[in-house]
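K.L.:
Here my numbering is used: the first residue of the sequence shown is 69, the next is one more, and so on.
We put the beta carbon where it would ideally sit given N, CA and C, even for glycine.
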Amino acid sequence: MPAIFAGSPLGAWLILLVTLALIIGIWRIASRRTGRNVASTLDPLPEGAYRQPVVLVCGDLPCVWPPASPVRVVKQGCWIRVEKTEELQQVARQVLSQRPEWGPQLSVLLCVCPQRHAQSDALTSALLALRWQLSQLRQQTGYAVPLALQGQVGSAMSRDLLWQAAIPGEAVKVWQPSCAPCSVPAWVRAGGAAALEQQVLMNSLMGWSEQHVHAVLTEENTDLPPLPPAAVLWGLGPSLPGSLASSAWTTWLSRHSGLSRVAG
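1) Report buried or exposed for Cys247, applying the criterion of at least 16 other Cβ atoms within 10 angstroms of its Cβ.
2) Which residue's Cα is closest to the Cα of Thr319: Val163, Trp276 and Ser251?
3) Taking C-alpha atoms, which residue in Leu174, Cys179 and Ser272 lies nearest to Pro121?
4) Keeping to the same chain, check which residues put their C-beta closer than 6 Å to that of Arg184; ignore five residues upstream and five downstream.
5) Contact between the region 253 to 263 and the region 145 to 163 is defined here as three or more beta-carbon pairs at a separation below 8 Å; is this criterion met?
6) For Leu230, write down the residues that DSSP places opposite it in a beta bridge.
7) Using DSSP with H/G/I as helix, E/B as strand and the rest coil, what is Arg149?
8) What would DSSP say about Arg184, mapped onto helix, strand or coil?
9) Which word fits Gln267, buried or exposed, when buried means at least 16 other C-beta atoms lie within 10 angstroms of its C-beta?
10) What would DSSP say about Gly260, mapped onto helix, strand or coil?
11) Which residue from Pro138, Lys143, Gln144 and Cys146 puts its Cα closest to that of Lys152?
12) Tell me the residue span of the alpha helix (DSSP H) that contains Trp320.
13) Please report the straight-line C-alpha distance between Leu312 and Pro134, rounded to a whole angstrom.
14) Can you tell me the Cα-Cα spacing of Leu195 and Val284, whole angstroms?
15) To the nearest angstrom, report how far apart Val252 and Pro296 are at their CA atoms.
16) What does the Cβ neighbour count give for Pro245, buried or exposed, with the cut at 16 atoms within 10 Å?
17) Checking the sheet assignment: what are the DSSP bridge partners for Arg140?
18) Rank Leu124, Ser193, Ala186 and Ser272 by C-alpha distance to the C-alpha of Gly171 and give the top, closest one.
19) Is the distance from the Cβ of Pro306 to the Cβ of Ser226 below 7 Å?
20) Consult DSSP for Val240 and reduce its assignment to one of helix, strand or coil.
21) If I follow the unbroken beta strand (DSSP E) through Leu217, where does it start and stop?
22) Within the continuous beta strand (DSSP E) that includes Val284, where are the two ends?
23) Going by DSSP, what residue range makes up the alpha helix (DSSP H) through Leu156?
Right, dumping it as structure tokens:
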């Protein structure tokens with residue numbers, strides 16, 4: 069298990085798989101929450117012998133995290149919600165103090181929804197803070213603690229969730245419910261004009277993420293080592309709760325895309 073989480077392609081795809089499982093699971097739970105009373109007890113961590121991925125989740129979740137506990141355990145892994153990105157290092161240390169065996173399987177998922185940000189300046193500061201915290205955590209613990217990125221937007225043109233994912237050195241793959249992963253060209257050919265329109269929007273999301281997220285995490289900085297993600301996941305779906313009418317995303321689209329009817 070430790071070798072898988074040391075930056076290998078297998079480890080990167082594993083992170084993507086469990087990330088998809090988390091997002092889909094929480095999305096379904098959120099859709100069923102209306103009218104239900106949820107217990108407020110804190111779920112305990114799994115035992116120390118637990119060997120599934122343990123992922124610290126921070127940033128802009130596209131849906132509401134189940135409020136009963138920051139810890140959620142599913143078949144594919146254990147997820148721990150970090151409400152404030154600046155608390156990432158503190159939460160990681162708390163987890164490792166209780167479960168020191170988990171160091172090799174620990175990773176971080178950063179979720180970024182550009183429709184939740186009025187402008188990119190505050191996001192840049194948060195990303196630099198995350199870069200510093202994760203570099204300190206790696207240095208002080210000696211563990212790889214790989215980073216996965218998830219970017220997501222909502223759009224009026226999308227009725228279902230569409231996911232595209234990549235790891236360094238490999239082509240982007242399309243992920244859809246109940247379908248085997250496929251290449252982007254194959255998906256566009258099969259989907260026709262509707263898929264092509266969605267792909268143009270997805271390309272815009274990838275471009276925004278590259279400039280406003282990936283570049284901030286990896287650009288040269290004398291005080292911070294680069295923080296390249298081990299895996300990246302982009303999502304396009306129905307209208308996203310909490311979206312701003314005027315946001316970093318709408319600004320980007322107006323400058324870089326001719327698409328209309330894409331508000332989320």
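P.N.:
Short version:
1) Taking the first residue of the sequence shown as position 1, residue 247 is located at position 179. The residue in question, Cys247, is exposed, as its Cβ has fewer than 16 Cβ neighbours within 10 Å.
2) By one-based count along the sequence shown, residue 319 stands at place 251. Of Val163, Trp276 and Ser251, the residue nearest in Cα terms is Trp276.
3) The sequence position of residue 121 within the sequence shown is 53, counting from 1. Minimum Cα distance to Pro121 is reached at Leu174.
4) Taking the sequence shown and counting its residues from 1, the one referred to as residue 184 is at position 116. Result list for Arg184: Asp128 and Gly310, in chain order.
5) no
6) For the purposes of this step, residue 230 is taken as the residue at position 162 of the sequence shown. Its beta-bridge partners are Leu304.
7) The count along the sequence shown starts at 1 and reaches residue 149 at position 81. Looking at Arg149 - three-state DSSP - the assignment turns out to be strand.
8) Within the sequence shown, residue 184 is the residue found at index 116, counting from 1. Arg184: helix per DSSP, three-state reduction.
9) As a working mapping, residue 267 is identified with position 199 in the sequence shown. It counts as buried.
10) Taking the first residue of the sequence shown as 1, we reach residue 260 at position 192. Note: Gly260 maps to helix in three-state DSSP.
11) Sequence index remark: in the sequence shown, residue 152 carries index 84 (1-based). Taking only the C-alpha atoms, the option nearest Lys152 is Pro138.
12) By one-based count along the sequence shown, residue 320 stands at place 252. It spans Ala316 to His324 - the alpha helix (DSSP H) in which Trp320 sits, taken as one unbroken run.
13) Here the question's residue 312 lines up with position 244 in the sequence shown. Here the question's residue 134 lines up with position 66 in the sequence shown. Using only the alpha carbons, I get a separation of about 23 Å.
14) Numbered from its first residue, the sequence shown carries residue 195 at position 127. Numbered from its first residue, the sequence shown carries residue 284 at position 216. Each residue's alpha carbon lies about 7 Å from the other.
15) Taking the sequence shown and counting its residues from 1, one reaches residue 252 at position 184. Taking the sequence shown and counting its residues from 1, one reaches residue 296 at position 228. Looking at the two C-alpha atoms, the distance is approximately 23 Å.
16) By one-based count along the sequence shown, residue 245 stands at place 177. With fewer than 16 other Cβ atoms within 10 Å, it is exposed.
17) Counting from one through the sequence shown, the residue named residue 140 turns up at place 72. Arg140 is bridged to Trp147.
18) Locating residue 171 in the sequence shown gives position 103, counting from the first residue. When each option's Cα is compared against that of Gly171, the closest is Leu124.
19) By one-based count along the sequence shown, residue 306 stands at place 238. By one-based count along the sequence shown, residue 226 stands at place 158. Contact flag set, yes.
20) Residue mapping note: residue 240 aligns to position 172 of the sequence shown, counting from 1. Note: Val240 maps to coil in three-state DSSP.
21) Reading the sequence shown from its first residue, position 149 is the one you call residue 217. Counting along the chain, the beta strand (DSSP E) containing Leu217 begins and ends at Leu215 to Gly222.
22) Within the sequence shown, numbered from 1, the residue matching residue 284 stands at position 216. Taken as a continuous stretch (DSSP letters only), Val284 belongs to no beta strand (DSSP E), being part of the alpha helix (DSSP H) at Ala283 to Thr286.
23) For the purposes of this step, residue 156 is identified with residue 88 of the sequence shown, where counting begins at 1. Start and end: Leu156 to Gln166.
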